[in-house]
Structures are given as C-alpha cells and as structure tokens.
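So the structure is just underneath, and the comments pick up after that.
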Ligand SMILES: [Fe+3]
C-alpha cells in the first residue's frame, strides 16, 4: 500500500517570488523521494467525542450568551474525498478565518478593522461516514497584508485536514466564487494551474441555503488516494 | 504525473499563513476555547517507554528563527507500533497518542515536545517477515508556516543509534546531508533538533 504521488502540477512550488515570505522559507535543494513507509501510511485518530457542541458553529462558539458574531451568516459544507471519489470518513477538519471586517483575533494582526467581541475565528469538526462536513460561520472580510505596496487577500477560510495518514496531511484555503480579488492575490497565484485555483473556490449552493438564516457555500476537498505498490529499496535518483 | 481522467484531482495546498495558531493551537493563541490544544500532550503516567524531550527551532535562509511556525510530529510507540490508524500490527500503546503539535514560541521560535523514544519500525515489506528490515527509530516532522506553500516533511533520528542500515537514509545521495536529520543529545533524554529551511545547513525534506 502506498499513496498516489503528490500532483506537483496542482500544488504551488516552494519558491514563489511574488509571495515574498517564500523567498527565505523555501528549500532550495530537491526533496528526497521517499516511498511511504508505515510512518507515513499511519495517522492519528481523532474521535467524534473531541468535538464540542458548538465547535463547528463560529457564529456562536466565541459569542457572549444570546449574542452572535457580526457579518453575513454562511454555511460552508462539502465532502472530503480521495482521488477515486470515495468519501473520507472521520477526517478532522479545522478552520480559521478573519472576522467580517477582515481582522483576525491574533496578537500579530494590527489591521485597522475592529475585533468583534463575539467572534473568535476558530472551528473544527469531523467528517461523517460519507466524508461530509459542515460549518456555520460569518463571511470573512478581505484584508490588506504587507507584501507588495497594495496587496489584499480575497475573502478566505483557512482549512487544515487530517485524513487517515500522515502522508495525506493538508493545509489550504477556500475562496468565494465571484470575488474579484482572487485573480490579484500573490498567494492564490502561487498555484500555477487556473483549474487548481478554481478548485479552491467555493460555489454558492442555494439548495443548502437556509431561508431567512444563512447562505450556503459548497467546498469539496480531494486528498491523495491509496494504491497498492511494492517498496523498491534503491538509492535516490536511480 | 500520469494522466488519469477518471480520477478527481488533488486539492492544492496553500500556505498556513501567519495566523494558523487560531485554528491549530487556539488556547496558545489566547482564544477562549473549551478544549486543550490538540497534540499538546502525547504521554501520561501510564505510557510505556523512555521519556524524552525534543526542543528545536525552524530557521529561515538567514538562519533567523521562525517565530510563527507550527510543527507536528508523528511517531511509533516504544515497541515500534504506530498508535491510531493504519498499523497492521495493531493499535499500539493505548496510553500514547503518537501525535504532537507545537507552535513555535512567539519570541524565540523554540518548540518543545515531551514524548517517548520510539522503537524501530519495520521498513516496507518487512512487516510480514520476522527479522525483516527495520528503520532506525525516528520521529516524523511536518512543518508549516507563513511563506511555506506546501507543508514540509522531515525526520529526526537519534545520535546513539546505528543508522547505517536505515533504508530511508540510504536514499540520500549526499551522505553529508544525513547529519541534518540527527538530533543532538544535550543531556540524557534531552534532544535538540534544528531545522534549516535553506542555506548550507538545509535540512533534508522528503517527498513522501
Ligand atoms: Fe488569512
């Protein structure tokens, strides 16, 4: 058993000069290819019992009693899949995001936009038997960031996903279809393939939208799939 | 990459950015969050094995410490079995999580993990064969931070072990670079593992 290789046409390269933080933080030597061993094929299990009743509802999980976060109310939902299209059950999904004004509850975020006393920006859940997950939140705002003179992040939600193995570990970001800032963002554009960028763009989902309550966005995540293989014990590069 | 039209395509990675602590270590980030941070504690009194601590730092190309990095570790228990999911030999030590997560200190960039020394793990193909090839005891690391577009996988090995037969280290062509994967033992059970993202001391990272 192993994993399909990481699709390097989909992921960003390490060095992406328009995203300046990558300049000093990108390895310069090639990665050493390592067929997955037990250390990569295994992974921790996070049981559903670790999830509290409000962990997946960011509108209230940091709010004072009878309050809720300010901003357009949204549902973000989808499935965690493997490359064969099978749902990945029991995947841990952790998200974090800015508030409706584009400000993070983080000591290093000094943006002018105010903090919302009723919004923390942290959520987590575990996918069900079909790989499905859902969060409630508020629409995050775009925000400026120090890179080039006038760079703005499109509205986004950060996603961290634990599948079934350490080799499947993934952190990514979800964008909202129709946001004009997506095409201008140097972090989005670290991804070379426009179709891959499109796959990070959630779609408006009126069927899951709750009348008089929250607009739904659909975002599926595809992790590396498993495949049968034999370990070839040969030195790198041969 | 082979063309596989019937398959879904992998979701691309994006940097974890500077604020990942909100989602990954909310308590440490100062949020009022009702749970302990995931991976903050790997062991309890009942855990089998030799207690060790690992400290270290992730450094950029100027050898400056990253004060916003997050490291995750994953390892076998004292018998070389991975807790959790996927190990064909069973569930391992029920009092050991095998999984650790630590945000770098916001001032110094230092991470610190308390765990146990792992046992050796069978190399692929070695599981069914008694006396099959073993990998030397090691701890898998995954590093994410602002400026890292795709999380980086590496391994920490122990300085007192015989590493000459390790099938993973055997894949590293530039033998001098193996040293970047070996921790320093500062005191009995206290290990130091420095990670360099680039430069002359660049750590070996794996495409797994
Ligand atoms: Fe962000």
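Protein chains in written order, with the numbering used here: chain H, 17 to 254; chain Z, 71 to 278. Cβ atoms here follow ideal geometry from the backbone N, Cα and C, with glycine treated the same way.
Nearest-angstrom Cβ-Cβ length linking residue i and residue j, presumed shorter than 8 angstroms
i, j, result
"residue 157(H)", "residue 171(H)", "6 angstroms"
"residue 94(H)", "residue 235(H)", "4 angstroms"
"residue 141(H)", "residue 72(H)", "4 angstroms"
"residue 177(H)", "residue 90(H)", "About 19 angstroms separates the two Cβ atoms, so there is no contact after all."
"residue 22(H)", "residue 277(Z)", "6 angstroms"
"residue 168(Z)", "residue 144(Z)", "6 angstroms"
"residue 50(H)", "residue 238(Z)", "6 angstroms"
Counted within 10 angstroms of its Cβ, other Cβ atoms place residue i as buried (16 or more) or exposed
i, result
"residue 163(Z)", "buried"
"residue 205(Z)", "buried"
"residue 56(H)", "buried"
"residue 111(Z)", "exposed"
"residue 178(Z)", "exposed"
"residue 114(Z)", "exposed"
"residue 82(H)", "exposed"
"residue 65(H)", "exposed"
"residue 136(Z)", "buried"
"residue 80(H)", "exposed"
"residue 142(Z)", "buried"
"residue 119(H)", "buried"
"residue 253(H)", "The predicted position of residue 253(H) is uncertain, since its pLDDT is 37 and thus under 50; a value taken from the coordinates is nonetheless stated next. It counts as exposed."
Test: residue i CB closer than 9 angstroms to a CB of chain H
i, result
"residue 271(Z)", "no"
"residue 160(Z)", "no"
"residue 261(Z)", "no"
"residue 89(Z)", "yes"
"residue 77(Z)", "yes"
"residue 118(Z)", "no"
"residue 104(Z)", "yes"
"residue 92(Z)", "yes"
"residue 246(Z)", "no"
"residue 164(Z)", "no"
"residue 111(Z)", "no"
Beta-carbon proximity of residue i to residue j, cut-off 9 angstroms
i, j, result
"residue 206(H)", "residue 81(Z)", "no"
"residue 237(H)", "residue 155(H)", "no"
"residue 200(H)", "residue 168(H)", "yes"
"residue 76(H)", "residue 92(H)", "no"
"residue 87(Z)", "residue 268(Z)", "no"
"residue 156(Z)", "residue 59(H)", "yes"
"residue 213(Z)", "residue 265(Z)", "yes"
"residue 83(Z)", "residue 25(H)", "no"
"residue 232(Z)", "residue 203(Z)", "no"
"residue 218(Z)", "residue 41(H)", "yes"
"residue 263(Z)", "residue 95(Z)", "no"
Test: residue i CB closer than 9 angstroms to a CB of chain Z
i, result
"residue 120(H)", "yes"
"residue 105(H)", "no"
"residue 146(H)", "no"
"residue 192(H)", "no"
"residue 206(H)", "yes"
"residue 92(H)", "no"
query = Just checking, does the segment 185–195 of chain Z make contact with the segment 208–215 of chain H on the three C-beta pairs under 8 angstroms criterion?
reply = Judged by Cβ distances under 8 angstroms, the segment 185–195 of chain Z makes no contact with the segment 208–215 of chain H, as fewer than three pairs qualify.
message = Taking contact to mean 3 or more Cβ pairs, one atom from each stretch, closer than 8 angstroms, check whether the segment 220–240 of chain Z and the segment 249–258 of chain Z are in contact.
response = Counting Cβ pairs under 8 angstroms, three or more are found: they touch.
request  = Please determine if the segment 118–130 of chain H and the segment 42–57 of chain H are in contact, where contact requires at least 3 C-beta pairs separated by less than 8 angstroms.
outcome  = No, they do not touch.
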